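Residue numbers (my numbering), protein chains in the order written: chain E, 1343 to 1492; chain C, 84 to 587.
For glycine and all other residues, C-beta sits at the position ideal for the given N, C-alpha and C.
Because the structure is a prediction, the values reported are computed rather than measured.
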Amino acid sequence: MAELITADLVDLDLAGTERAEVTGDLARRLAGAGRVTDVDGFLADLRRREEQMPTGLEGGIGIPHARSAHVTEPTLAFGRSESGVDFGAADGPAHLIFLIAAPEGGGDEHMTVLASLARRLVHESFRQSLHTAPDADAVVELVRREVLGR
Amino acid sequence: MRFVAVTSCPTGIAHTYMAAESLEQAAKAAGHEIAVETQGAAGSAPLTAQQIAEADAVVFAADVDVRDRERFAGKPTVTAGVKAAINDGAGLIAEASRAAESAEPAESVAGEETPAGAAPGPELAGKVEGGAGAGTRVRQWLMTGVSYMIPFVAAGGILIAIAFMIGGAEIAAIVDGGEYRGVQYEGVAELSDLFGQAGIAGVLFKIGSTAFEMLVPILSGFIAFGMADRPGIAPGVVGGLLASAIGAGFLGGLVSGLLAGAVVMGLKRLRVPRGVAGVMPVVVIPLIATLVVGLLMIVVVGEPIAAVQTGMTDWLSGLSGGAAWLLGGLLGLMMAFDMGGPVNKVAYTFGLAALASGDTLIMAAVMAAGMTPPLGLALATVVRARLFTRAERQAGQAGWLLGLSFITEGAIPFAAADPFRVIPSVMVGSATTGALAVAFGTTSLAPHGGIWVVGLIGSPLLYLLAIAAGTAVTCGCLLVAKNIGRNRTGTATTSAATAEPVTV
């Protein structure tokens, strides 16, 4: 199985301020890494999910995600935004954005990785470390250690 | 405190697990225990019946339907969206604590089985764990049905026995109609006239026999419940009612219960769209399962039973010329085979017909042979108590009175729980008694009433001796049979402990 996240999939200084803009940027990184085959199709799946219920969470977190036929491997793209991007949370914009891409017919093994990623996101210490991570490699390192335990 | 929770969300890859983690962290921080079932894309170990039974409260953090929600019926419940659980897990846990505290009386709904169910296994949880070996699981399913049936046997049987004691053997004919010692009774059609026409004995008999009508439906319904949880009850009970209606007795009830449970288990495995999933346990599953079980019981089981009964009756009539004690033994075998089922009915009806034509020998053998199964089993629970569950030992205590009153149904709890060992044992015992009763030349002018109509028995002491002999034989055979099987049970238990839990 491919890495859950690589340095190419980390953007510590997101330029956009709109939800669509930011998810678009991150989705193109996924496409560039070969994890997404059709950016527009994947974005449409993300929008559909976002319309059901916004994915913003209290504490400045956004987790746009979808299971999509256009995804080849379960992958995380991570973005950090100084100014914040509105993901519909009650207490304000999101500064940490986790774009989770899951293949449509993913087996249990795939889904288990994403499940343990989701569980880590709840931990304040994990969030704090992401806030202060100096560079993309540090983020990749952190995710590997916390989520995959290695 | 102990909690259980279910989390689920539309996509099933993020919120479901975040909510689970959040609840686990919050419960840990507050010093509680929690087990979370994540109904997401990665699957999860389902909560066990024991975890649910032990939980003080349930938390649903779900944005879509919780699967198998009926498992949690009767528990104090807190319901929220997944986001509420992620954003404020501590708040939800606090709310669950309050719900558990304020709902103490409601807890008894889930906990009421505990006093009667100190016996191990299905009675505690009410629902059988997946993961046991096949033999053990079938036995646990049967025991679940039996444990719910025993109160009906005890209450109904003892009421009928008291009715015979104070009203004499004719009370059955007075209430239900029919002939007794040459007098034709019409029976009591209106329940409101019952007390006036039949007295307190008639009322007790009616209540007792009404409880007995529920034996097979309850047995069948709760076998299905043990297998498939609440959705199994309706098809199981209906199948049991039909088993009674076609005269299939408790063996028919075992069949309908297992059948209903299997059909519901199958239907629960079907993957259905989320929109339909909500009405599956309440509407779709009971509807289809009840239809299937009902059809099978009426068409596939019912007709052959009627044909076999006719055939056996003709065959018995043809035997009348042979050795009388052999006929007595044969009738004993039949009386004990299904205890109120079709074979028993043929033998009993044969006895009634003999009595009507003035042959009191056969009636005496039939009644004596019908008394030994509960007596022999009651004796066995005293002689080797450790071979029986606590519920069985209690059924054994009632068995003395039921046996003495010629209420053969008192043996059904034992036979339903372990048919392959119990039925042959009681058959041998009853055959002994039937043959001896004829050989001793005992007679009975009464078609029922057991020990309470001893005044109508010819050679009463020899009659009691025949019953005592059959009782001892039944007990001895059963103890041997139980010992044969015990090794096998031990192996099954070991494999149950090591087997992986399966998703039901």
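*Is there a Cβ from chain E that is less than 8 angstroms from the Cβ of C/Thr94?*
yes
*Spell out the partners DSSP gives E/Thr1417 in its beta bridges.*
In the DSSP secondary-structure assignment, E/Thr1417 is bridged to E/Ala1443.
*asked:* Am I right that E/Val1455 and E/Leu1346 are in contact with their C-beta atoms under 8 angstroms? What's the rounded C-beta distance?
replied: 6 angstroms
*Using a beta-carbon distance cut-off of less than 9 angstroms, what residues from the segment 84 to 110 of chain C approach chain E?*
Listed by position, the residues of the segment 84 to 110 of chain C near chain E (Cβ gap below 9 angstroms) are Cys92, Pro93, Thr94, Gly95, Ile96, Ala97, His98, Thr99, Tyr100, Met101, Ala102, Ala103, Glu104, Ser105, Glu107 and Gln108.
*Identify every residue that forms a DSSP beta bridge with C/Val142.*
C/Ala88 and C/Val161
*Which term fits C/Asp397, buried or exposed, when burial requires 16 or more other beta carbons within 10 angstroms of its beta carbon?*
exposed
*Determine contact between the segment 231 to 240 of chain C and the segment 471 to 491 of chain C, defined as no fewer than three beta-carbon pairs at a distance below 8 angstroms.*
yes
_Chain-ordered neighbours of E/Gln1470 on chain C, where CB pairs are closer than 8 angstroms_ = Per Cβ cutoff of 8 angstroms: no residues; E/Gln1470 is ~15 angstroms from chain C at best.
*asked:* Just to confirm the assignment: which complete beta strand (DSSP E) runs, minimum length 3, are found wholly within the segment 286 to 315 of chain C?
replied: none
*Span of the beta strand (DSSP E) around C/Thr121*: Boundaries of the beta strand (DSSP E) around C/Thr121: Glu116 to Thr121.
_Nearest to E/Gly1421 (by Cα), restricted to the options E/Leu1372, E/Phe1384, E/Glu1466 and E/Arg1486_ = E/Leu1372
*Does C/Ile169 come within less than 8 angstroms of chain E when only Cβ atoms are used?*
Yes, contact with chain E.
*asked:* Pairs of beta-carbons, one from the segment 1419 to 1434 of chain E and one from the segment 1351 to 1367 of chain E, closer than 8 angstroms: are there three or more?
replied: yes
*Check C/Thr515 in the structure and name its three-state DSSP category.*
helix
*Note down, in chain order, every chain E residue with its Cβ under 9 angstroms from the Cβ of C/Ala173.*
The contacting residues do not exist; C/Ala173 stays about 12 angstroms from chain E at best.
*First and last residue of the alpha helix (DSSP H) that includes C/Gly349?*
Gly332 to Arg352
*Using a Cβ cut-off of 8 angstroms (strictly closer), state whether E/His1473 contacts chain C.*
no
*Which same chain residues, not among the five before or five after C/Ile534, have their C-beta less than 6 angstroms away from its C-beta?*
Leu487
*Can a CB atom of chain E be found closer than 8 angstroms to the CB of C/Ala124?*
yes
*Of all the residues that make up the segment 138 to 157 of chain C, which are near chain E by a beta-carbon distance shorter than 9 angstroms?*
Under the 9 angstroms Cβ criterion, the segment 138 to 157 of chain C contributes Asp146.
*Are the C-beta atoms of C/Lys289 and some chain E residue less than 8 angstroms apart?*
No, because no Cβ of chain E sits closer than 8 angstroms to the Cβ of C/Lys289.
_Closer than 7 angstroms at the beta carbon, the chain E residues around C/Lys351_ = Near C/Lys351 there are no residues of chain E at all, since even the closest Cβ is about 20 angstroms away, more than 7 angstroms.
*Taking C/Ala244 as the reference, give the member of C/Ala132, C/Ala97, C/Arg352 and C/Leu287 with the closest Cα.*
C/Leu287
*asked:* According to DSSP, simplified to helix, strand and coil, what is E/Val1427?
replied: strand
*In angstroms, rounded to a whole number, what distance separates the CA positions of C/Leu324 and C/Phe278?*
27 angstroms
_Can you tell me which residues form a DSSP beta bridge with C/Gly261?_
C/Tyr268
*Just checking my contact of C/Gly453 with C/Met418 at CB under 8 angstroms: how many whole Å lie between their CB atoms?*
5 angstroms
*Quick one: is E/Arg1361 near chain C, going by C-beta distance under 8 angstroms?*
no
*E/Ala1475 and E/Leu1484: beta carbons closer than 8 angstroms?*
yes
*Can you give me the Cβ contacts of C/Gly123 inside the same chain, cut-off strictly under 8 angstroms, excluding the 5 residues immediately before and after it?*
Setting aside the 5 residues that flank it on each side, C/Gly123 is surrounded in the same chain by Thr90, Ser91, Cys92, Gly95, Ile96, Thr99 and Tyr100, each with a C-beta closer than 8 angstroms to its C-beta; the list follows chain order.
*Nearest candidate by alpha-carbon position, reference C/Pro129, set C/Ala145, C/Gly114 and C/Asp151*: C/Asp151
*Tell me, to the nearest whole angstrom, how far the beta carbon of C/Ala183 is from that of C/Asp139; I am working on the premise that it is less than 8 angstroms.*
4 angstroms
_Own chain partners of C/Leu399 with C-beta closer than 6 angstroms, once the 5 adjacent residues on each side are dropped_ = Phe433
*Kindly say whether C/Lys428, judged by its beta-carbon, lies nearer than 8 angstroms to any beta-carbon of chain E.*
No, because no Cβ of chain E sits closer than 8 angstroms to the Cβ of C/Lys428.
*For E/Ala1480, verify whether its CB is less than 7 angstroms away from any heavy atom of the ligand COA.*
What this structure holds is no ligand at all, so the ligand COA is not there to describe.
*Count the CB pairs spanning the segment 324 to 340 of chain C and the segment 354 to 372 of chain C that are closer than 8 angstroms, and state whether there are at least three.*
no
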